[in-house]
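Heads up, the thing below is written out as C-alpha cells.
Residue numbers (full-length UniProt numbering): 1 to 170.
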C-alpha cells in the first residue's frame, strides 16, 4: 500500500497578507473607476445645464492670423564715443509684421530699411544702450524709423514689434 501523499501547496487557504493586498487593489480599482465616472459625468452635467439655459448670442472669436516675422541681417556699427572710449555694437533684429504683404514690402525695400537702422544705431552712445530702458527706447525708435513710408503718398508700414535677437556692445 502506498502512503497518503502530502497535501498539495495549492490547496492551502490564502494567507492574510494576500487577502489584504487583494482588498487594497480592489479598493483602488473601485476608487479610480468611481473618480473617472464622477469627472466624466460632471462635465456632461455642465453641458446639459448650459443647453437647458436660454440661448444667448455667442460672440464670434476673432480670427487672428499668425504673426509674420522678418529677420534683418546683423548690424555692426561704431557707436558715438562715450568719455573718449569707442565702442562697437553688433545687433540682430527681427520684426513682427502685421501680415505677409507688409513683410514683403519691407524685404523689397531692405536697402532703405538697413540705411535707416544703421543711421539710428550709429548715433547712439554705449551708455544709452546698456540699460533695459535704453534697449526698449531703441526698439521703439527702430520701429518708428521702419514705419515711415518708403516713398511719398504711401501708407506707413505696419510693424507690430521690434525684437533684438542678439545685442553685443564691445
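Note that CB positions come from ideal geometry on N, CA and C, so glycine has one too.
Taken through DSSP and simplified to helix, strand or coil, residue 161 comes out as strand. About 18 Å separates the beta carbon of residue 123 from that of residue 170, a gap too long to meet the 8 Å contact definition. For residue 151, the closest C-alpha among the options 68, 88 and 109 is that of 109.
Counted as a single uninterrupted DSSP element, the alpha helix (DSSP H) harbouring residue 141 occupies residues 132-147.
Taking the Cα positions, residue 136 is about 22 Å away from residue 103. From the listed residues 118, 68, 41 and 96, the smallest Cα separation to residue 76 is found for 118. Under the DSSP assignment, residue 71 falls in the beta strand (DSSP E) whose first and last residues are 68-71.
Secondary structure of residue 79 (DSSP, three-state): coil. Taken atom to atom, the span from the alpha-carbon of residue 67 to that of residue 114 is near 22 Å.
Contact check for residue 112 against residue 70 fails: the beta carbons are separated by 8 Å or more.
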